[in-house]
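Below is one structure, written out as structure tokens; the observations come after it.
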Amino acid sequence: MPEIKTGEELLRVEHLCQYFGRTKAVDDVNFSVYKGEVFGLVGESGCGKTTTGRSIIKIYDITSGDIYLEGKHVAAGTLAHKQAIKEAGAKLKTAPENEKEALKKEIEKEREALKEAKRVQKKEKVVDKIQMIFQDPIASLDPRMTVREIIAEGLIIKGEKDKKLIDQKVYEALEKVGLVREHAGRYPHEFSGGQRQRIGIARSVIMHPEMIIADEPVSALDVSIQAQVINLLNDLRKEYGITIMFIAHDLSVVKYFSDRIGVMYYGKMVELASSDELFAHPLHPYTKSLLSAIPLPDPDSEKKRKRLVYNKLKDHDYSKQGPTMREVAPGHFVYCNDEEEARYKKELSR
Amino acid sequence: MDKILEVKNLKISFRTNSGILRAVRDISFDLEKGRTLAIVGESGSGKSVTSKAILGILAGNSIIEGGEILYDGMDLLKISEDEMHKIRGDKISMIFQDPLSSLNPIVKIGRQITEATLLKNKANRKDARKQFNHTLALLKSAMIESGAADEAKAKELCSTFDDFCINANKHEHAYNVDFDTCEDCLAHLKDLLFKAEKNQKQNVKSLVRDILKKSEKFKSEFFVREYKKRLEEVTKRVEEILPSYKPVQDDNHLSADLKKALTELETILSEMLEQTKPNFFRIGYYTLKNPSEDIFAIPIAELNEKALAFLDQNFMLEFLQITEKALKFSSDKYLAKKKEAVEVLKKELPYFEGAIDQKGATDRAKIMIKAVQAGIDPLEIKKDNRAYTFVTSINDAVSRYFRFEKENPKEQKRFDKENEKLEKAKFKGKKVDWKVVPANIVDLDLLKENMLHVINGLIENYEKAEANHAAIDFKERSLELVDFLKDRASKVVYRITRSMAKENAIKLMEEVGISEPRMRYNQYPFEFSGGMRQRIVIAIALTADPEILICDEPTTALDVTIQAQILELINDLKRSRNLSIIFITHDLGVVANMADDIAVMYAGKIVEQGTASDIFYDPRHPYTWALLSSMPDLDTKEKLESIPGTPPNMIYPPVGDAFAERNKYAMQIDFEMQPPMFEVSETHKAATWLLHPDAPKLETPETIRNRIARMKAKNNNGGETNA
Numbered sequence: 009m010p011e012i013k014t015g016e017e018l019l020r021v022e023h024l025c026q027y028f029g030r031t032k033a034v035d036d037v038n039f040s041v042y043k044g045e046v047f048g049l050v051g052e053s054g055c056g057k058t059t060t061g062r063s064i065i066k067i068y069d070i071t072s073g074d075i076y077l078e079g080k081h082v083a084a085g086t087l088a089h090k091q092a093i094k095e096a097g098a099k100l101k102t103a104p105e106n107e108k109e110a111l112k113k114e115i116e117k118e119r120e121a122l123k124e125a126k127r128v129q130k131k132e133k134v135v136d137k138i139q140m141i142f143q144d145p146i147a148s149l150d151p152r153m154t155v156r157e158i159i160a161e162g163l164i165i166k167g168e169k170d171k172k173l174i175d176q177k178v179y180e181a182l183e184k185v186g187l188v189r190e191h192a193g194r195y196p197h198e199f200s201g202g203q204r205q206r207i208g209i210a211r212s213v214i215m216h217p218e219m220i221i222a223d224e225p226v227s228a229l230d231v232s233i234q235a236q237v238i239n240l241l242n243d244l245r246k247e248y249g250i251t252i253m254f255i256a257h258d259l260s261v262v263k264y265f266s267d268r269i270g271v272m273y274y275g276k277m278v279e280l281a282s283s284d285e286l287f288a289h290p291l292h293p294y295t296k297s298l299l300s301a302i303p304l305p306d307p308d309s310e311k312k313r314k315r316l317v318y319n320k321l322k323d324h325d326y327s328k329q330g331p332t333m334r335e336v337a338p339g340h341f342v343y344c345n346d347e348e349e350a351r352y353k354k355e356l357s358r
Numbered sequence: 006m007d008k009i010l011e012v013k014n015l016k017i018s019f020r021t022n023s024g025i026l027r028a029v030r031d032i033s034f035d036l037e038k039g040r041t042l043a044i045v046g047e048s049g050s051g052k053s054v055t056s057k058a059i060l061g062i063l064a065g066n067s068i069i070e071g072g073e074i075l076y077d078g079m080d081l082l083k084i085s086e087d088e089m090h091k092i093r094g095d096k097i098s099m100i101f102q103d104p105l106s107s108l109n110p111i112v113k114i115g116r117q118i119t120e121a122t123l124l125k126n127k128a129n130r131k132d133a134r135k136q137f138n139h140t141l142a143l144l145k146s147a148m149i150e151s152g153a154a155d156e157a158k159a160k161e162l163c164s165t166f167d168d169f170c171i172n173a174n175k176h177e178h179a180y181n182v183d184f185d186t187c188e189d190c191l192a193h194l195k196d197l198l199f200k201a202e203k204n205q206k207q208n209v210k211s212l213v214r215d216i217l218k219k220s221e222k223f224k225s226e227f228f229v230r231e232y233k234k235r236l237e238e239v240t241k242r243v244e245e246i247l248p249s250y251k252p253v254q255d256d257n258h259l260s261a262d263l264k265k266a267l268t269e270l271e272t273i274l275s276e277m278l279e280q281t282k283p284n285f286f287r288i289g290y291y292t293l294k295n296p297s298e299d300i301f302a303i304p305i306a307e308l309n310e311k312a313l314a315f316l317d318q319n320f321m322l323e324f325l326q327i328t329e330k331a332l333k334f335s336s337d338k339y340l341a342k343k344k345e346a347v348e349v350l351k352k353e354l355p356y357f358e359g360a361i362d363q364k365g366a367t368d369r370a371k372i373m374i375k376a377v378q379a380g381i382d383p384l385e386i387k388k389d390n391r392a393y394t395f396v397t398s399i400n401d402a403v404s405r406y407f408r409f410e411k412e413n414p415k416e417q418k419r420f421d422k423e424n425e426k427l428e429k430a431k432f433k434g435k436k437v438d439w440k441v442v443p444a445n446i447v448d449l450d451l452l453k454e455n456m457l458h459v460i461n462g463l464i465e466n467y468e469k470a471e472a473n474h475a476a477i478d479f480k481e482r483s484l485e486l487v488d489f490l491k492d493r494a495s496k497v498v499y500r501i502t503r504s505m506a507k508e509n510a511i512k513l514m515e516e517v518g519i520s521e522p523r524m525r526y527n528q529y530p531f532e533f534s535g536g537m538r539q540r541i542v543i544a545i546a547l548t549a550d551p552e553i554l555i556c557d558e559p560t561t562a563l564d565v566t567i568q569a570q571i572l573e574l575i576n577d578l579k580r581s582r583n584l585s586i587i588f589i590t591h592d593l594g595v596v597a598n599m600a601d602d603i604a605v606m607y608a609g610k611i612v613e614q615g616t617a618s619d620i621f622y623d624p625r626h627p628y629t630w631a632l633l634s635s636m637p638d639l640d641t642k643e644k645l646e647s648i649p650g651t652p653p654n655m656i657y658p659p660v661g662d663a664f665a666e667r668n669k670y671a672m673q674i675d676f677e678m679q680p681p682m683f684e685v686s687e688t689h690k691a692a693t694w695l696l697h698p699d700a701p702k703l704e705t706p707e708t709i710r711n712r713i714a715r716m717k718a719k720n721n722n723g724g725e726t727n728a
């Protein structure tokens, strides 16, 4: 069995839902991130991995579910409570006399929870602890601000007024990411793609976050520059013990970089395991199809490679029983039903 | 191998505010028919510029400093915009890197996809007819001149060929259209049945009606002949049952009788798809000579055989024989003229080696052009690119020489003046906020060399043709000619209607992974996400049915599954349409799957060139090493080796090897002199001093050696288990 991280839990996401109108971008996702690890999130575009990251850092108000950071409730959704109240209210109309009291109590409880959720949603801040690196290094830097202003912005918003201290921290951050002091006075357009991504990283590092959410930090970069950025993130992690949530669609990079990986498909988390385990024993058919699509720098095996195609309808039979997230091996979770669980366990034991 | 596109000594620069930026510095490569050439390099290495030069869509501030791009007897760098128009999008098509800027925001997606097909279709048919007639007329006169057939005979042969060839292709086209429709129907029907089985909600009535409507449209007699009655019967039955079908809530299964009828329709359609395809070329002749016979009474396989025997006996063998003689005669005739041309060129060559003046050079160029053009054999299918492009090349070379002879002193004068002004201003202590634009002086000796190169190249080609003449197999040539004519004939009848174009577009949209293509057909580009837009751009490039497809980072913006899908699609198309592809990317992983040949570019030069296995299993250039070791694969554990620094500024191109500054294996000579291309093997070349016999022996870096060993072991294991 592969080694399972038993470190301290840093972030816990419970039943996270994020709906945009009728679109269920993220639907009932659960996972935890442990201190010091790299948690990879993969899936095709539109599967909700970026939305998950953005929900965690509270760019969106989440629809339903709870997020805990270091055991503290930092984000909560209201939809589930509202629905519960509505349902109980409807039941109340038809319910017999003796049950009414219990239902009323339930409604009261849900109302309390709703109030609490609204408070949490409004008041709790996470940006001190979690920072994000965005996908597009060109679009995410304000072209009219100097690098110093960009990097220092977070500190200033946080209330830091001492200019000397800010300057010093900016220089430190720049040096951390492999740039030099002289770069602080320049504008973003004077930098190459890789350097711009470094500025983005410096901006998040200056806040001394516990965790960085890196949303496809390398997919817009050339291969040679990609390696520079990945090495940099790796160094930061080793030196400062920063936890990283790494969102990407390039599986070779994710495999190289992450300790544990979650696979998402259409708003659902379908498989979650340590990265070696996931690549050695993929169970969910979608994960298999994803792994079969990775291009490798090896012409001979590439000619033989056969891509598996995932078809939700053909690959599952959920007419009798719906799927849930189940642990089929220690630390290896798959989204499946009873019959599939038995099959997967058999597959693993072989 | 046939070379379909040759790029020779291409040099391109850009005029910018801060000086001349050398984007492409003397690169040469060939694209062979039916193969994929991958150009790999970082951004700014000049790979996109090269592809844009091929299509003639370079930005306005570009300067083409030299070189040739030869395609089908034309030099794409020198032809007019009108001629380029016929090639662009139609013969050579491109998938662009940036989907945002390559779609028109105010035109619906559907129209953008079908536009090219509809626009080009008519012109293409006209063009094909012209070529067909022209070639046939040339063949006829060659037949008569050679004495292989008298005038009446030649006339009869050619007009018969014309008649039945075009006619047969008409039938074939109708058959193909029906075949496609049938395939489409079947796919939809299967989908419908499958979804009903799985209890999925769908609008059964309208879907079935759609299928029925399409299946009634079969036009080709050859396609429906045996199945007509059965098809009509089933259709009627389904139409009767359909109004009574009502889906119940939560139960989307089909009623028993409807299911039975639809399954029967499914079997009929799949049988229709599996029937033997008639050989229309043979049958066309057969029906032409036996118009009264009812060919639908005979089974297709038998008819095919019968018609073949009939065709061979009465027409084809004779036709081929006479064609062979005519071709031999024509070839002999032009060979003599070629010899004359070589003599003329050799006579004029010394003049160009010495001092030249404008009038003398232009006159002599005219004489040479006349001689060279007389030596071109119009009945040759494989065109000699050099001979065809001689006119444009020599004219261009001569006029360029004299233009710069005049302009160089002017430019020098301007530069000196501005410099003087600057010096004065500085001397007076004024604040100077402008720079002197560097002088654009072109080396006249180089231009002259260009001229000699053109002339010498042609002499060489013609002499080669002379030497090879004895070995030509005219039987093969005549078969080639017939194939060429057949191909043109099929293009003449290839008529596409608006609705066909729409169906094609929807099919392609489905193929490139756009869900609900029918609805999305009528949407605007802004309603699509980036990945979806990229797929639209790919669909547009593929509708035009080009000979050469240039893919400029087509999958960079897409995720793995879609990337794999698109790459498979491109590979399939390459196989089915015999496409030649230029694939531009910075991701070596993608290339392993696609490419037959790879050229690695850095700072405007090709640094390594070879087949895919050469580059991946035996890389030689330090830059290729760096590229390979900087990307992780699934087994990588060690620290990635990144390439330090950034590519050089090409306004001030480095004197030596451009990669030297970022190269940890760089030697002193790398900073001083550009390395030439060293040949590693017949297919494999690399430009690095490390390959020089005097260079220290250097092993391939360990990470790469390990990886190659790992891949080899894996492949061998895989092979054993398979066997």
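Protein chains in written order, with the numbering used here: chain A, 9 to 358; chain B, 6 to 728. Every residue, glycine too, gets a C-beta built ideally from N, C-alpha and C.
Item, Value
"Measure from the C-beta of valine 231(A) to each C-beta in chain B and report whether the shortest distance is under 8 Å.", "yes"
"Does the beta-carbon of glutamine 205(B) have 16 or more other beta-carbons within 10 angstroms, so that it is buried, or is it exposed?", "exposed"
"Which residue marks the beginning of the beta strand (DSSP E) containing serine 13(B), and which one marks its end?", "Note on residue identity: the sequence assigns lysine, not serine, to residue 13(B). Per DSSP, lysine 13(B) belongs to the beta strand (DSSP E) from 8–21."
"Could you tell me if threonine 281(B) is buried or exposed, where buried requires 16 or more neighbouring beta carbons within 10 angstroms of its beta carbon?", "exposed"
"Kindly indicate if chain A contains any beta-carbon less than 8 Å away from that of isoleucine 303(B).", "no"
"Looking only at its own chain, which residues have a Cβ that is under 7 Å from the Cβ of leucine 356(A), when we skip the five neighbours before and after it?", "His289, Val336, Ala337"
"Whose CA, out of Ile501(B), Gly518(B), Thr616(B), lies closest to the CA of glutamate 688(B)?", "According to the sequence as given, residue 688(B) is threonine; it is not glutamate. Nearest option by C-alpha distance: Thr616(B)."
"Is there a Cβ from chain A that is less than 8 Å from the Cβ of alanine 617(B)?", "yes"
"Once DSSP output is grouped into helix, strand and coil, what is the label at glutamine 568(B)?", "helix"
"Are any of the Cβ atoms in chain B nearer than 8 Å to that of phenylalanine 287(A)?", "yes"
"Could I get the ranges of all uninterrupted alpha helix (DSSP H) runs contained in the segment 219–269 of chain B, with 4 residues as the minimum, in chain order?", "226–229, 233–246"
"Give the DSSP-derived three-state secondary structure of phenylalanine 199(A) in the structure shown.", "coil"
"When you compare the CB positions of proline 217(A) and isoleucine 250(A), do they come within less than 8 Å of one another, or not?", "yes"
"Got a sec: is the Cβ-Cβ distance from asparagine 345(A) to anything in chain B below 8 Å?", "no"
"Assign tryptophan 630(B) to buried or exposed, taking buried as 16 or more other Cβ atoms, counted over all protein chains shown, within 10 Å of its Cβ.", "buried"
"Determine, for isoleucine 567(B), whether the minimum Cβ-Cβ distance to residues of chain A falls below 8 Å.", "yes"
"Report the start-end ranges of each beta strand (DSSP E) in the segment 557–639 of chain B that is 3 residues or longer and not cut off at the edges.", "585–590, 602–607, 610–616"
"Closer than 7 Å between beta carbons: that is the criterion. Which residues of the segment 618–645 of chain B meet it against chain A?", "Ser618, Phe621, Ala631, Leu632, Leu633, Ser635, Met636, Pro637, Asp638, Leu639, Thr641, Lys644, Leu645"
"Using a beta-carbon distance below 8 Å, is asparagine 126(B) in contact with chain A?", "no"
"Please go through the same chain and pick out, in chain order, the residues whose beta-carbon is closer than 8 Å to the beta-carbon of leucine 490(B), but skip the five residues on each side of it.", "Phe137, Thr140, Leu141, Phe166, Cys170"
"What's the gap between the Cα of alanine 569(B) and the Cα of glutamate 515(B)?", "15 Å"
"Can you list the beta strand (DSSP E) stretches of 3 or more residues lying completely in the segment 183–229 of chain A, in chain order?", "219–223"
"Determine, using beta carbons only, whether glutamate 310(A) comes closer than 8 Å to chain B.", "yes"
"Taking the CB atoms as reference points, tell me whether lysine 276(A) and tyrosine 343(A) lie closer together than 8 Å.", "yes"
"Report buried or exposed for valine 188(A), applying the criterion of at least 16 other Cβ atoms within 10 angstroms of its Cβ.", "exposed"
"Who pairs with leucine 19(A) in a beta bridge, going by DSSP?", "Val41(A), Leu77(A)"
"For a test of the three-state rule: what should DSSP assign to threonine 708(B), helix, strand or coil?", "helix"
"In chain A, which residues lie less than 8 Å from lysine 226(B) when you measure between Cβ atoms?", "According to the sequence displayed, residue 226(B) carries glutamate and not lysine. Under the 8 Å cutoff, chain A gives no residues; its nearest Cβ is about 38 Å from glutamate 226(B)."
"To test your reading of the DSSP string, which unbroken beta strand (DSSP E) runs of 3 or more residues are found completely within the segment 14–88 of chain B?", "24–37, 41–45, 67–76"
"Write down the C-beta distance between alanine 256(A) and serine 232(A) rounded to the nearest angstrom, noting that I regard them as a contact closer than 8 Å.", "The pair is not a contact, with the Cβ atoms about 18 Å apart (cut-off 8 Å)."
"Need the endpoints of the alpha helix (DSSP H) that threonine 292(B) sits in, please.", "285–294"
"Got a sec: is the Cβ-Cβ distance from leucine 593(B) to anything in chain A below 8 Å?", "yes"
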